[in-house]
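See below for the structure under consideration.
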Amino acid sequence: MSSRKLLTGNEALALGALHAGARVITGYPGTPSTGAIESLLASQPPDVYVEWSTNEKVALEIAAGAAWAGQRALCTMKMSGLNVASDSLYSVAYSGVVGGLVIYVADDPGVSAGMCEQDSRGFALLADLPLLDPSSVTEAYQLTRLAFDLSEATGTPVLVRLVTAIAHASAPVEVGEPVPLPEREPQLLRDIARFTKAGAAICMQQHRDLIARLEAAGRWLRHAGLNSLQITDVAEGGHHPRLGIIAGGVVNAYLEEGLEMAARFGLDPRAVSKLRVRAPHPFPSEEVQALLRHVDTVLVLEELEPHLERGVYVEAHRLGFTGRIVGKLDGTLERVGEYDVRHVVRGIAAALDLPVPPDLFAASTEAEQLAAPRPITVCPGCPHRGTFLAINRAIRRAGYKRDQVMVTGDIGCTILGMNPPFDTVWNEVAMGASIGLAQGYVHAGVRTPVIATIGDSTFFHAGIPALINAVQHAVPLTVIIMDNGWTAMTGMQVNPGTAEDFQPPGGRRVDIAQLVPALGVEHFFVVDPFDLDGTTAVIQQALTLPGVKVILSRQECAIQAGRRGHRAGAVQVVPENCNLCKLCIMLTGCPAIDLGAEAVVIDPALCYGCGLCAQVCNRDALIHTPE
Amino acid sequence: MLDIFLIGVGGQGLLTIGEVIAEAATAMNLPVSFYPYKGMAQRGGLVKAQLRLGRATVGPNIPPRGADLVIAMEVSEALRAVRVLRPGGEFLLFGERWLPTAVMLGKAAYPALETVLEQVSAAGGHPVYLSPDSLPAGLPANLFVLGAAMGRTRLGNVLPAAAVEEAIRRRWPRNPEPNLAAFQAGHSISI
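In order, the protein sequence lines correspond to chains A and B. First residue of the first sequence: 0, per numbering that gives the first Met the number 0; consecutive thereafter. First residue of the second sequence: 0, per numbering that gives the first Met the number 0; consecutive thereafter.
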């Protein structure tokens with residue numbers, strides 16, 4: 000019996016894994032993939048182990064271990080996380096799996112979350128792993144179920160890739176029954192030739208096995224009909240060349256709308272043959288050749304890199320196809336951003352030379368340009384506000400200009416210090432990268448102090464090895480760990496440093512305050528970012544000390560503490576003292592402060608009572624009462 | 000078929016409007032795709048979402064000049080949705096203002112309400128203005144705006160009010176009353 004539910008792509012994927020009998024599910028939060036594990040932690044399915052791991056590499060190793068012991072396992076991450084996990088991914092791919100192993104990777108064409116527009120289909124190519132590319136929320140459910148069957152049928156890990164427009168979108172999904180998978184006893188398989196990389200003979204044999212598994216996966220996928228070919232004969236003798244469209248993943252969802260629209264400009268939609276690709280790797284050569292044999296012109300529609308399109312050129316060469324191939328490589332379509340119906344119509348128009356008016360979708364941008372700029376900033380009560388203010392003050396008080404002191408940045412909410420009113424942070428690369436980058440600036444000969452900023456989850460994820468490197472090589476550096484106790488930017492996930500009360504049952508907190516001194520850091524300070532003077536003084540002192548200095552700036556995320564009804568205090572305006580100089584707004588940029596007629600106004604619904612505004616006011620117009 | 004673009008700022012409950020519509024549509028077996036933008040949205044940051052009703056197979060993104068209806072909850076952010084509106088489409092604007100810091104400091108201009116309405120008309124749209132003063136005290140603005148959209152735009156032709164009320168009751172099973180009251184106040188308002 001099936002039922003119809005409104006699900007996001009992330010929820011559908013998680014449910015697909017659950018219904019396929021996944022027993023171990025791991026991942027690291029990262030937009031747009033986070034919702035999959037979030038939905039499982041919320042529903043707490045019985046007999047399924049679900050965790051947020053320290054980083055994606057650890058998450059993948061846990062899932063792979065479970066799959067080697069014979070269980071079905073799912074591992075989730077965003078595309079940046081696959082880079083982190085890739086070292087283990089290639090090696091596990093060589094060994095293959097016993098139980099089904101599915102790796103969910105979320106790509107972000109159009110950049111909803113500020114990172115590279117990485118096309119993870121390239122990883123499938125590098126790792127010789129099959130990759131499924133669902134074209135809808137419903138397919139996210141169906142193909143994830145199928146991915147476990149494929150994984151076990153061929154003994155290979157399988158990648159399932161969603162893009163943001165599927166991961167975050169909601170649609171009604173026909174949800175089936177869970178597969179009746181018998182309880183599996185874990186197995187301990189000792190097979191050195193398979194599970195180690197001990198020697199060239201073993202590794203090269205594993206490489207041969209890997210290629211054989213990929214070929215088997217290709218046959219399995221052909222049999223499953225995932226890449227559906229629809230050949231039409233209507234255009235025989237028709238009024239335009241025989242057109243074949245190859246669409247990858249989410250672009251398939253725009254085909255119908257695009258064909259309807261192009262029909263207004265002379266397209267006969269019945270005369271178009273279609274290959275809908277949901278399994279781009281291994282490349283569907285037979286289906287593509289079948290299409291090429293039937294058409295004069297091929298249009299390839301896929302977001303980001305021309306993965307399918309390059310394969311089409313190869314098959315065209317093999318067949319001696321002499322027609323046109325329209326896509327990115329001929330300059331018709333671009334490699335940047337999300338696709339929608341515009342790209343379908345533009346592609347068809349180019350392929351058939353249809354008279355589509357160039358301004359069909361051209362909207363005036365005049366209105367947008369009149370909108371007030373609204374840079375993203377930190378929330379009311381955010382402890383990072385205090386840290387950014389203190390860094391800026393400490394730099395000035397130590398006798399430097401702001402543009403003389405490098406402050407490297409990292410991933411997460413701490414990067415919000417790049418924007419006004421703080422303008423504290425200079426750069427952003429990858430998880431944990433701020434501490435390594437800072438060392439590079441020092442070795443480059445920068446004589447002014449170098450500061451690295453990093454969040455708590457990011458520090459656990461990839462910051463610790465870089466800090467160890469700085470200690471080992473005695474690099475003069477000030478590392479500021481901005482610990483708000485949660486993996487906040489992705490929506491408040493628990494990390495190793497989160498308070499004990501919120502750790503999983505029986506789990507333990509790893510306290511950064513104990514960890515850092517144990518790494519051999521001699522100058523270690525703990526500060527409260529809501530104490531602006533105290534935090535400023537410590538940072539200023541650190542800038543004068545030799546060697547590695549670590550400052551742990553610690554206060555819980557105000558959003559998360561606020562959800563439990565907590566407030567740091569309350570702020571009152573003394574209207575007779577306020578002359579509307581706006582210093583509090585200019586320095587803190589706090590959204591809880593508004594302009595009144597004769598004095599600033601504090602919005603009690605937004606104010607967390609951190610008191611930073613009162614500390615920057617020089618007219619006693621704001622009075623802070625701590626909780 | 001109806002394509003709806005929602006825009007506002009974080010903290011207004013804009014995405015809840017989309018979720019309630021999507022729930023109501025799903026309960027009626029009306030195909031729906033709901034695609035919220037929630038990248039790095041903080042409280043007070045830009046929030047937008049796309050709703051596509053009535054197409055069985057549909058991609059989540061509405062093309063420029065493709066939306067039949069825009070629901071905007073912030074005066075300045077509304078300007079960013081003008082390019083999405085199709086000529087002849089409706090543009091419901093709830094006239095709340097969330098001033099960015101730079102505006103408060105006098106470093107950036109904030110658009111006048113008339114400018115926004117003119118831009119909507121210039122794009123061939125029909126502006127429908129909903130004053131924040133018309134919101135009954137103590138009721139949530141987002142459900143009020145949803146009610147007004149149901150009562151005053153073509154959204155009301157696609158979804159029956161009863162289906163939306165049912166979705167509201169399912170979403171807040173313990174205390175649906177404030178949200179129902181806000182919805183009904185918006186639904187019955189004459190603009």
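Ideal Cβ placement from N, Cα and C applies to all residues, glycine included. None of these values were measured; they are calculated from a predicted model.
| Residues of the stretch 324-351 of chain A with Cβ closer than 7 Å to any Cβ of chain B, in chain order | Glu-337, Asp-339, Val-340 and Arg-341
| Contact set for Leu-353 of chain A: own chain, Cβ-Cβ below 7 Å, skip 5 residues either direction | Here the question's residue 353 of chain A lines up with position 354 in the first sequence. Within the same chain, Leu-353 of chain A has close Cβ partners Ala-261, Phe-264, Gly-265, Leu-266 and Ile-347.
| message | Pull the bridge partners of Ser-552 of chain A from the DSSP assignment, please. | response | Sequence index remark: in the first sequence, residue 552 of chain A carries index 553 (1-based). Per DSSP, A:Met-481 and A:Val-526.
| By a C-beta neighbour count over all protein chains shown, 10 Å radius and 16 as the cutoff for buried, is Gln-539 of chain A buried or exposed? | Translated into the one-based positions of the first sequence, residue 539 of chain A becomes position 540. By the 10 Å Cβ count, Gln-539 of chain A comes out buried.
| query | When the Cα atoms are used, what is the spatial distance from Asp-532 of chain A to Cys-115 of chain A? | reply | Here residue 532 of chain A refers to the residue found at position 533 of the first sequence. Here residue 115 of chain A refers to the residue found at position 116 of the first sequence. About 38 Å.
| message | Rounding to the nearest angstrom, what Cα-Cα distance links Ala-223 of chain A and Asp-148 of chain A in this structure? | response | The residue labelled residue 223 of chain A in the question sits at position 224 within the first sequence. The residue labelled residue 148 of chain A in the question sits at position 149 within the first sequence. The alpha-carbon atoms of Ala-223 of chain A and Asp-148 of chain A are separated by roughly 11 Å.
| task | Return the bridge partner residues of Lys-327 of chain A from the DSSP annotation. | result | If you number the first sequence from 1, residue 327 of chain A lands on position 328. Answer by DSSP bridge pairing: none, since Lys-327 of chain A is not bridged.
| For Asn-178 of chain B, is the classification buried or exposed, using 16 other Cβ atoms within 10 angstroms of its Cβ as the cut-off for buried? | Here residue 178 of chain B refers to the residue found at position 179 of the second sequence. Answer is buried; the Cβ neighbour count reaches 16.
| message | Are the CB atoms of Leu-188 of chain A and Tyr-103 of chain A within a distance shorter than 8 Å? | response | In the first sequence, counting from the first residue as 1, residue 103 of chain A sits at position 104. In the first sequence, counting from the first residue as 1, residue 188 of chain A sits at position 189. The answer is no: Cβ separation not under 8 Å.
| query | For the stretch 52-74 of chain B, which residues have a beta carbon sitting closer than 8 Å to at least one beta carbon of chain A? | reply | Arg-54, Thr-56, Val-57, Gly-58, Pro-59, Asn-60, Ile-61, Pro-62, Pro-63, Arg-64 and Gly-65
| message | Looking only at its chain, what residues have a beta carbon closer than 6 Å to the beta carbon of Ala-69 of chain B, apart from the 5 residues adjacent to it on each side? | response | By one-based count along the second sequence, residue 69 of chain B stands at place 70. In the sequence as displayed, the identity of residue 69 of chain B is Val instead of Ala. These residues qualify, in order along the chain: Phe-4, Ala-80, Leu-84 and Phe-90.
| query | So what's Thr-624 of chain A in DSSP terms, helix, strand or just coil? | reply | Looking up residue 624 of chain A in the first sequence gives position 625. Note: Thr-624 of chain A maps to strand in three-state DSSP.
| query | Can a CB atom of chain B be found closer than 8 Å to the CB of Gly-631 of chain A? | reply | The structure shown does not extend to residue 631 of chain A, since chain A is modelled only from 0 to 626, so the question has no answer here.
| Any beta-carbon of chain A closer than 8 Å to the one on Phe-33 of chain B? | On the second sequence, position 34 is the one that residue 33 of chain B refers to. Yes, contact with chain A.
| message | I'd like to know whether the C-beta of Gly-43 of chain B is nearer than 8 Å to at least one C-beta of chain A. | response | Along the second sequence, one-based indexing puts residue 43 of chain B at 44. So yes, Gly-43 of chain B belongs to the interface.
| query | For Arg-64 of chain B, which three-state DSSP category applies? | reply | Start at 1 with the first residue of the second sequence, and residue 64 of chain B comes out as number 65. Coil.
| query | Are the beta-carbon atoms belonging to Phe-143 of chain B and Leu-134 of chain B less than 8 Å from one another? | reply | Reading the second sequence from its first residue, position 144 is the one you call residue 143 of chain B. Reading the second sequence from its first residue, position 135 is the one you call residue 134 of chain B. Yes, the Cβ-Cβ distance between Phe-143 of chain B and Leu-134 of chain B is below 8 Å.
| Since Val-424 of chain A contacts Ala-437 of chain A with CB under 8 Å, what's their CB separation in whole angstroms? | Counted from its first residue, the first sequence places residue 424 of chain A at position 425. Counted from its first residue, the first sequence places residue 437 of chain A at position 438. Between Ala-437 of chain A and Val-424 of chain A the Cβ distance is about 12 Å, and since that is not below 8 Å, they are no contact.
| task | Would you identify the three-state DSSP class for Met-78 of chain A, choosing helix, strand or coil? | result | Reading the first sequence from its first residue, position 79 is the one you call residue 78 of chain A. Helix at Met-78 of chain A.
| said: Spatial neighbours of Leu-73 of chain A within its chain, please: C-beta separation below 6 Å, excluding the five flanking residues on both sides. | reply: Sequence index remark: in the first sequence, residue 73 of chain A carries index 74 (1-based). Result list for Leu-73 of chain A: Ala-16, Ala-21, Ile-24 and Val-101, in chain order.
| field | Pro-159 of chain B, buried or exposed, once every other Cβ within 10 Å from all chains shown has been counted against 16 | value | Position 160 of the second sequence, counted from the first residue, corresponds to residue 159 of chain B. The residue is exposed, with fewer than 16 neighbouring Cβ atoms inside 10 Å.
| query | Can you give, in chain order, each stretch of the alpha helix (DSSP H) that sits fully within the stretch 481-521 of chain A and has at least 4 residues? | reply | 511-517
| From this set, A:Gln-70, A:Pro-44 and A:Gly-80, which residue's C-alpha is nearest Ala-461 of chain A's C-alpha? | Position 462 of the first sequence, counting from 1, holds the residue named residue 461 of chain A. Nearest option by C-alpha distance: A:Gly-80.
| field | Exposure label - Lys-196 of chain A; buried when at least 16 CB within 10 Å | value | Position 197 of the first sequence, counted from the start, is the residue given in the question as residue 196 of chain A. Flag for Lys-196 of chain A reads exposed.
| message | Per DSSP, what are the beta-bridge partners of Trp-51 of chain A in this structure? | response | By 1-based counting over the first sequence, the position of residue 51 of chain A is 52. A:Gly-26.
| To the nearest angstrom, how far is it from the Cα of Pro-495 of chain A to the Cα of Thr-407 of chain A? | As a position in the first sequence, residue 495 of chain A is number 496, starting the count at 1. As a position in the first sequence, residue 407 of chain A is number 408, starting the count at 1. When rounded, the distance between both Cα atoms is 23 Å.
| task | Step through the CB atoms of chain B and report whether any lies within less than 8 Å of the CB of Met-491 of chain A. | result | Within the first sequence, the letter at position 492 stands for residue 491 of chain A. No, because no Cβ of chain B sits closer than 8 Å to the Cβ of Met-491 of chain A.
| Excluding the five sequence neighbours on either side, which residues of its own chain have a C-beta within less than 7 Å of the C-beta of Gln-49 of chain B, listed in chain order? | In the second sequence, the residue the question calls residue 49 of chain B occupies position 50. These residues qualify, in order along the chain: Phe-4, Tyr-34, Pro-59, Asn-60 and Ile-61.
| query | Is the Cβ-Cβ distance between Thr-535 of chain A and Ala-397 of chain A less than 8 Å? | reply | For the purposes of this step, residue 535 of chain A is taken as the residue at position 536 of the first sequence. For the purposes of this step, residue 397 of chain A is taken as the residue at position 398 of the first sequence. No.
| field | Given 8 Å, three or more beta-carbon pairs between the stretch 550-562 of chain A and the stretch 368-380 of chain A | value | yes
| task | Identify which residue in B:Arg-54, B:Ala-66 and B:Ala-162 has its Cα closest to the Cα of Ala-170 of chain A. | result | Taking the first residue of the first sequence as 1, we reach residue 170 of chain A at position 171. Of the listed residues, the one whose Cα sits closest to Ala-170 of chain A is B:Arg-54.
| task | With Val-159 of chain A as the anchor, note down where its beta strand (DSSP E) starts and where it stops. | result | Sequence index remark: in the first sequence, residue 159 of chain A carries index 160 (1-based). Residues 157-162.
| According to the neighbour-count rule (16 or more other Cβ atoms, all chains shown, within 10 Å of its Cβ), is Lys-400 of chain A buried or exposed? | Position 401 of the first sequence, counted from the start, is the residue given in the question as residue 400 of chain A. Exposed is the call here.
| query | Which residues, in order along the stretch 74-93 of chain B, keep a beta-carbon less than 7 Å from a beta-carbon of chain A? | reply | Ser-75, Glu-76, Leu-78, Arg-79, Val-81 and Arg-82
| Is Asn-28 of chain B buried or exposed, if buried means 16 or more other CB atoms sit within 10 Å of its CB? | The residue you call residue 28 of chain B lines up with position 29 of the second sequence. Answer is exposed; the Cβ neighbour count stays below 16.
| query | Are any of the Cβ atoms in chain A nearer than 8 Å to that of Lys-47 of chain B? | reply | Residue numbering aside, residue 47 of chain B sits at position 48 when the second sequence is read from its first letter. Judged by the 8 Å Cβ criterion, Lys-47 of chain B is not in contact with chain A.
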